[in-house]
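In what follows, a single structure is set out as structure tokens and then discussed.
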Amino acid sequence: MKSSVIVFPGSNCDRDIANALEKMQFKNQMVWHKETRLPKSDLIVIPGGFSYGDYLRSGAIAGKSSIIEEVIKAANSGCLVLGICNGFQILTETGLLKGTLLKNKNLKFINKDINIKVINNQTKFTSKYNLNQVLKINIAHNEGNYYTNSFHLNELNNENLIAFKYCDDKGNVNNQSNPNGAINNIAGIFNSKKNILGMMPHPERMVDKLVSNTDGVNLFSSILN
1 MKSSVIVFPG
11 SNCDRDIANA
21 LEKMQFKNQM
31 VWHKETRLPK
41 SDLIVIPGGF
51 SYGDYLRSGA
61 IAGKSSIIEE
71 VIKAANSGCL
81 VLGICNGFQI
91 LTETGLLKGT
101 LLKNKNLKFI
111 NKDINIKVIN
121 NQTKFTSKYN
131 LNQVLKINIA
141 HNEGNYYTNS
151 FHLNELNNEN
161 LIAFKYCDDK
171 GNVNNQSNPN
181 GAINNIAGIF
191 NSKKNILGMM
201 PHPERMVDKL
211 VSNTDGVNLF
221 SSILN
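Here the working numbering is used: position 195 in the sequence shown is 195, and no number is missing along the way.
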């Protein structure tokens, strides 16, 4: 399976996701943001980091990069697109995903392992997980507070477009288990066709027991499957 990782000035998780993809036997290519053509890809990943130093606001400048037009075309044609952390922010800037990522509720950068619950396991990104399975995944962001309007929130709930929610280690979804203030504890969402996933936690950091755990492996296994 072929994957492409888009690289922007300020990306700092591009090599992490590349290593995770290669570990899972994807044939991966790195694509610089100034390119105007994408290699043939089954999966496009927009990685985490601080594209353009988060100047203006997170993802704002990256969302206007040359390669993004090709990413949008590929996404609209059904290609799988995964945006992680800053990648999620970029997806909302492009309009491929609705909503926005606001500053964390404590107005501070957060870097720690948290728990998330699998809300929908009937997608190409999540089929290898159990419904309501609790995962331990790392987060590292300053603007991870997902927000959207009530109309879209109803759409997310009614069409089962919420991928993950922040929870405690027992799977309870509440204010205490919400690290950044995200509406309804939302940690990741799909588009209406479920071929695009944006998520704040970093599954690529959870693919090796030697450095963390393997809770991120099944996301990549799901895509391969």
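Glycine is no exception: its CB is placed at the ideal position from the N, C-alpha and C atoms.
Provide the residue(s) that pair with residue i in DSSP beta bridges, ordered along the chain.
i           : result
residue 147 : 100
residue 29  : 4
residue 83  : 46, 198
residue 11  : 49
residue 114 : 137
residue 190 : 197
Taking the CB atoms as reference points, tell me whether residue i and residue j lie closer together than 8 Å.
i           : j           : result
residue 179 : residue 137 : no
residue 70  : residue 38  : yes
residue 112 : residue 66  : no
residue 126 : residue 75  : no
residue 3   : residue 19  : no
residue 165 : residue 191 : no
residue 199 : residue 216 : no
residue 81  : residue 195 : yes
residue 132 : residue 171 : yes
residue 210 : residue 1   : no
residue 79  : residue 44  : yes
Can you find the residues in the same chain that come closer than 6 Å, C-beta to C-beta, to residue i, ignoring five residues on each side of it along the sequence?
i           : result
residue 182 : 145, 146
residue 46  : 6, 83, 87, 90
residue 232 : Outside the shown range of the chain, which is 1 to 225, sits residue 232, and nothing can be said about it.
residue 14  : 5, 7, 47
Skipping 5 residues on each side, what residues in its chain have a beta carbon closer than 8 Å to that of residue i?
i           : result
residue 221 : 24, 128
residue 160 : 119, 120, 122
residue 110 : 104, 139, 140, 141, 142, 144, 179, 180
residue 176 : 168
residue 148 : 98, 99, 100, 156, 183
residue 55  : 61
Note down, in chain order, each residue of its chain lying with its Cβ closer than 7 Å to the Cβ of residue i, except the 5 sequence neighbours on either side.
i           : result
residue 101 : 58, 88, 89, 92, 143, 144, 145, 146
residue 77  : none
residue 152 : 98, 99
Does any C-beta atom of chain C lie closer than 8 Å to the C-beta of residue i?
i           : result
residue 159 : Absence of chain C from the displayed structure is noted, only one protein chain being present.
### Query
Any contact of the segment 49 to 58 with the segment 116 to 125, i.e. 3+ C-beta pairs under 8 Å?
no
### Runs of beta strand (DSSP E) lying entirely within the segment 126 to 182, each at least 3 residues, in chain order
134 to 141, 145 to 147, 162 to 167
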